[in-house]
Structures are given as C-alpha cells and as structure tokens.
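A.B. asks:
Number of protein chains: 2
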Amino acid sequence: MAATIIDGKAFAAGVRGQVAAGVAALKAGHGIVPGLAVVLVGEDPASEVYVAHKHQATLEVGMRSFEHKLAADTPEADLFALIDRLNADPEVHGILCQFPVPDHLSERRTVARIDPAKDVDGLSVTNAGLLATGERALVSCTPLGCLMLLRDQLGSLSGKEAVVIGRSNLFGKPMAQLLLQENCTVTIAHSRTTNLPEVCARADILVAAVGRAEMVRGDWVKPGATVIDVGITRVPHPQTPGKTRLIGDVHFESAVAVAGAITPVPGGVGPMTIACLLANTLTACCRAHGLPEPEGLTV
Amino acid sequence: MAATIIDGKAFAAGVRGQVAAGVAALKAGHGIVPGLAVVLVGEDPASEVYVAHKHQATLEVGMRSFEHKLAADTPEADLFALIDRLNADPEVHGILCQFPVPDHLSERRTVARIDPAKDVDGLSVTNAGLLATGERALVSCTPLGCLMLLRDQLGSLSGKEAVVIGRSNLFGKPMAQLLLQENCTVTIAHSRTTNLPEVCARADILVAAVGRAEMVRGDWVKPGATVIDVGITRVPHPQTPGKTRLIGDVHFESAVAVAGAITPVPGGVGPMTIACLLANTLTACCRAHGLPEPEGLTV
C-alpha cells in the first residue's frame, strides 16, 4: 500500500488561518496587533525573495510587518543599534535577521543581540537552553513545523523510535529535543554515523535533514514509518533545459512504496517554516502581554 | 573474557592531581588562587556530608574554599543577596548551591541567579544552551566525568553507537550532548522507551542513569561494549544487618561477563563528580582571567 502523502501546503494554510484567528482575537479583545520585524543586510537575491514572502505572509494574517533593509557594508554597531531599538519597541514582538549576513558580520553575535523573548527564529543560546531544559522557549520554526505535522499524522508520539539525521543547531538538535519532549526514543545520526541505513531502518519516525539529495533510499525505511523530508536541493529539471526543480534528502519514489506517510518535496515541510514564524510571533506577542498562548501553535 | 573494571577512584585521583598542578601553576605564574563557594541552606545531614567532602577536596588541590551555611528558613531575598555578592567577588570563581533546598526556595530560580561564568555545576539555562549549540560552556560535573572515563578507555568515540538511559537536565541530556560532540550516534532512552533491552543491545557505549537498581541486565549489553553506571541506590547489606551498601543501575555480575569495560558501583563514576567540580572551578578561573584552559579537564 502506498504511503499517505502529507500535504504540508494545506496544513500550513490551516496554521496560518489559526494564527489569523488569534491575531483577530487579540485585536478585538485587547487592541493589540502583533508585529514582526525582519532585518536584511545586503542584497542577496534569494534573501530578498524570502523576506518579501515573509512580509506578505505577515500582512495576510493581520500582523504588522516592519522591514529594515541595510546596506551590505553596514557596520556591526549600526546593525546592533537597530536591533536594540527593535528590542525596545513595544510594537515589535518578533525580530529576525535574514541570514546569511555579509562576511564582516557574525551570525552568532547578531542572534545574541536579539532579546530572547523576541527571537522568533529560536536561534539564541537562551532559547536553545530553555528548550534543552524543558522550559518555555521560542522554538526554531522548521522543527516546530515538523512536530506539528507529526502530531497531526500520528497523534501521540510517546514510545515511538525517532531517528533524526543531521545535528545542526538550526534543525537537527532542536528537532531531537522536541521529539524527546514528546516521549520518543530519539537517535541523532549524522555524517559520522557508520551504519546509517541500519539506524534509519529502526525508525517509526524518520526525519532527514542532511542536505544530500535523495540520500535516504526506500530500503532504509521501516515499513509503515512516517518520513519527514527536510532537505531542499535545487537541481536541473530533467525534461526542461534551463529550468530547475527541488528534491529532498529522501528518494521519494522508493520511500513512498514503503513508508506509512511521507512529506513530499516541494509541498511538505517547506510551507511550514513561514507558518511557524507567524505562530511564534503570535506566541511571543501573547507572552509579552501576559495573555494565554494560542492553542496548538506552540510546543 | 571478563570486562576491564574501570577504576574511577584512581582516575579521579589523577584528575585531582592535574587540577592541583594547574592551581600551583596559576599561583606561581600569575599569583591567582582559584576559589569555590558552596552555599548550603538548611541542615540536611546528607548535604552536610557532601559539602564537607567538597570543602576538603577543594583545599587539597590548593584552592580557596568558601562555605556559606544559611538557616533553613532563609528568605529567597537573603539567599539571592549572598549569591549576588559571590557573583561580584573576584576571589570566587565557582559557586554552587547544594540541592535540595528547602521547599520555600526554587532550585530553578537559585541556579538562574548564579553568574553562568561561575556556574560550576553547569546547571543554568545559559550553560545548557551553550552546550546544546556547541559553544564553550561549563558542563555538569557527572557527565563531564563520564566523558573523561570514556575518552581514557576508548580514545576516539567517533562513529560509535552510544545509548544514554535517562533524560534528566542534570545528567542524561548533557551526557547525550557531549557524546554527540564526540561524533557518536546517540540514542536517548527513558521510561517511555518500549523496547529498552533491544535499544541497549545496540550500544557500543551504554550509559545508565535511571535510578532503578540493577535494572540493566547482562543480556541487554552488547558483547564488548563499554558500560558506564551512573546509578546509586542504597540498599540493606545482604550479610550484615543494620549496614547498607550502594548498588548501580546495572546488574554488575551479569554485565561484567559480557561488557568490554564497565564502571563498578561504588568506585566508578562517583569519585569523578567532585574531581570534575574542581576541574570546572579551575576552568572558570582561567576563563575569568583570560588564561588558557587546562588541557584534558574541559570538553
């Protein structure tokens, strides 16, 4: 039996709808409008596209969107002065700096400058520590999105064997923490793992975030497993010269025949990231005002 | 072939000797004496014994030891005023508050009050976040001690399958982070793990910290594995009425016949904890003065 194809696009639309409802309720009940500030340094074309998408999505759920575009040679002191102003601005509940930043700036120092309560990308040391110790954190958007898809697909995750391939601070490590909080038995595998196919084949939940196109083959997948593909590699389109297409870390054709459920690429995890950015901004706004957090949109 | 019995007592004595040499070098070269402050609230007899051991061990390696004993009904404000003074005191490089504290105090709030740079127990959210993101942290003493024993026993840990049973903030989670940094494939198992014997049997490195006496049996151990037993349960002595003895989370008699190496209880992991507390205090002192960190005593 072929796997259920998890429709991340539809699910993300649902999340954005929930966020929009939460925003409307905040406005109606308290006169509060959540605001997201996005900082872009330099003119990377891909980053400009991402920032434009975020801006549009933020407006669509009824939030305020503040865009700050700085020249590529902006000194760190000027960037930090802007972040300090955004930290202090009561109309701004979430701040993200679009990465990569130009070489003279440090991503680590930039993230550290953002108030952890407004760090809606969940990248700061403080939010990593809160997540690691089981306290209330802002959680990195893509792992949060994967968790939402898994909860929707499986209900309780308790006792399931989860394998996360990849151990980045942005995805693999927080994903493992989230699955552990859900009472999964969690394995973190990575480039030094010696028997990766065998490790993957144990997984009831297999999350691939290695950044190597189609590395995970169908015969690595336990029959009936739920497979979450976080990889995005752009390759030339096989039929149309000059065009490209996106492929994941999982070899979809072979995996779909074995898995119980699987996210496609594109249209799986991808759309969840911006939806969770909006969810985190709403969450940060509610916390800033001491109001109850939106249900189903946080950990 | 029976397993190598890892002599944690001898190894810990070696670590204390390295710390003493580092302290002597700091004194001779820079006129600096590392200092450890221990705060005890109330009169728990077991805590008083621990604090006395720490005091003695601190003096033995040539450090200053500052003991602060507060009455059981000390208000939080008074405890925090003391911690603030210790945070500001340049002669104090490490601070620990002996837990448990009386019920009217919060361990979480107490740890959060300690300057992360002096948090030699490695319990703060900041140190958990630094460890989780691969930055320079102060690492919880018992997992640091286990890592030292494993490095000594195995050399490189890269590519090995490690299983940690237990997911406490104090031990299991930081232990998993340390093993991941060493490039192990790491699984965290716990009370909700459904097939624990099978999960354990995969492990080249098996670390048990469940707090259930002799739960891990020999037939759960992969032949040749290195077994680290973090459990300590006090039970009545089988031969001598009125006496007690300590037993671990691993059923030693059956595991020793299968493992490649194993820590006994007592005399395995236990002695490493205070040794690593001293190592962390030396490390914190070196960092506070911008001096190179002692080799082999940090992550």
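Sequence lines, in order, name chains V and Y.
Here the UniProt record's numbering is used: position 122 in the first sequence is 122, and no number is missing along the way.
Here the UniProt record's numbering is used: position 264 in the second sequence is 264, and no number is missing along the way.
Glycine residues also receive a C-beta, built at the ideal position from the N, C-alpha and C atoms.
No experiment lies behind these values; they were computed from the predicted model shown.
1. Any idea which residues DSSP pairs Glu67/V with across the strands?
2. Say whether chain Y places a C-beta atom closer than 8 Å to the C-beta of Arg151/V.
3. Can you tell me whether Leu96/Y is buried or exposed? The criterion is at least 16 other CB atoms within 10 Å of its CB, across all chains shown.
4. Could you name the residues of chain V that Gly42/Y contacts, counting a contact when the two beta carbons are closer than 9 Å?
5. Quick one, which residues of the segment 154-171 of chain V are near chain Y if we go by CB-CB under 7 Å, in chain order?
6. Rounded to whole angstroms, how far is the Cβ of Glu161/V from the Cβ of Thr185/V, which I believe are closer than 8 Å?
7. For the candidate residues Ser47/V, Asp152/V, Leu180/V, Ala117/V, whose alpha-carbon lies nearest to that of Val163/V?
8. Would you kindly work out how many angstroms separate the C-alpha atoms of Val23/Y and Gly14/Y, rounded to a whole number?
9. On the DSSP bridge assignment, give the partners of Ile114/Y in chain order.
10. Please report the straight-line C-alpha distance between Leu196/V and Arg109/Y, rounded to a whole angstrom.
11. What would DSSP say about Ala209/V, mapped onto helix, strand or coil?
12. If you count every other CB in all the chains shown that lies within 10 Å of the CB of Pro236/V, and 16 or more means buried, which is it?
13. Applying a beta-carbon distance threshold of less than 7 Å, which residues of chain C neighbour Arg192/V?
14. Got a sec? Which residues, its chain only, sit under 8 Å from Leu82/Y by beta carbon, not counting five neighbours each side?
15. Quick check on residue 378/V - is its C-beta less than 8 Å from some C-beta in chain Y?
16. Would you check if the distance between the CB atom of Gly166/V and the CB atom of Gly172/V is smaller than 8 Å?
17. Give the DSSP-derived three-state secondary structure of Thr244/Y in the structure shown.
18. Pull up the distance between the alpha-carbon of Lys243/V and that of Arg234/V, whole angstroms please.
19. Could you work out which residues of chain V lie near Lys69/Y, taking near to mean beta carbons separated by less than 8 Å?
20. For the beta strand (DSSP E) containing Met96/V, list its first residue and its last residue.
21. Have a look at Lys118/V and Val111/V and give me their C-alpha separation to the nearest angstrom.
22. Which class does Pro271/V belong to by DSSP, given the choice of helix, strand or coil?
23. According to DSSP, which residues form a beta bridge with Val186/V?
24. Please report the distance separating the alpha-carbon of Leu297/V from that of Arg287/V.
25. Quick check: what's the CA-CA separation for Met215/V versus Val221/Y?
26. Hey, is Leu178/V's beta-carbon within less than 8 Å of any beta-carbon in chain Y?
27. Spell out the partners DSSP gives Ala229/Y in its beta bridges.
28. Within its chain, find whatever has a CB closer than 7 Å to the CB of Pro102/V; leave out the 5 residues flanking it on each side and keep chain order.
29. Based on Cα-Cα distance, which residue from Ala201/V, Arg212/V, Gly231/V, Glu135/V lies nearest to Cys146/V?
30. Any idea if Thr4/Y is buried or exposed, counting beta-carbon neighbours within 10 angstroms, 16 or more meaning buried?
31. Residues of chain Y with a CB under 7 Å from the CB of Thr133/V: which are they?
32. At a CB-CB cut-off below 9 Å, which residues of chain V make contact with residue 311/Y?
33. Between Lys118/Y and chain V, is the shortest Cβ-Cβ distance under 8 Å, so that the two count as touching?
34. I need the DSSP call for Val258/Y, collapsed to helix, strand or coil.
35. For Thr273/V versus Thr58/V, is the C-beta distance shorter than 8 Å?
C.D. replies: According to the data block:
1. Val38/V
2. no
3. buried
4. Correct list: empty, because the minimum Cβ distance to chain V is about 24 Å.
5. Ser158, Gly159, Arg167, Asn169
6. 5 Å
7. Leu180/V
8. 14 Å
9. None; Ile114/Y has no bridge partner.
10. 42 Å
11. coil
12. exposed
13. Although the question refers to chain C, the structure presented lacks it and instead comprises the protein chains V and Y.
14. Val39, His68, Leu70
15. Outside the modelled stretch of chain V, which goes from 1 to 299, sits residue 378/V, for which no answer is possible.
16. yes
17. strand
18. 10 Å
19. Simply none; closest approach about 28 Å.
20. Checking the sequence shown, residue 96/V turns out to be Leu, not Met. Unbroken beta strand (DSSP E) run through Leu96/V: 94-97.
21. 11 Å
22. helix
23. Ala162/V, Ile188/Y
24. 13 Å
25. 31 Å
26. no
27. For clarity, residue 229/Y is Asp in the given sequence; the question names Ala instead. In the DSSP output, where bridge partners are listed per residue, Asp229/Y has Ala208/Y.
28. Val41, Gly42, Ala72
29. Gly231/V
30. exposed
31. Val125, Ala128, Asn169
32. Outside the shown range of chain Y (1 to 299) lies residue 311/Y, about which nothing can therefore be said.
33. no
34. coil
35. no
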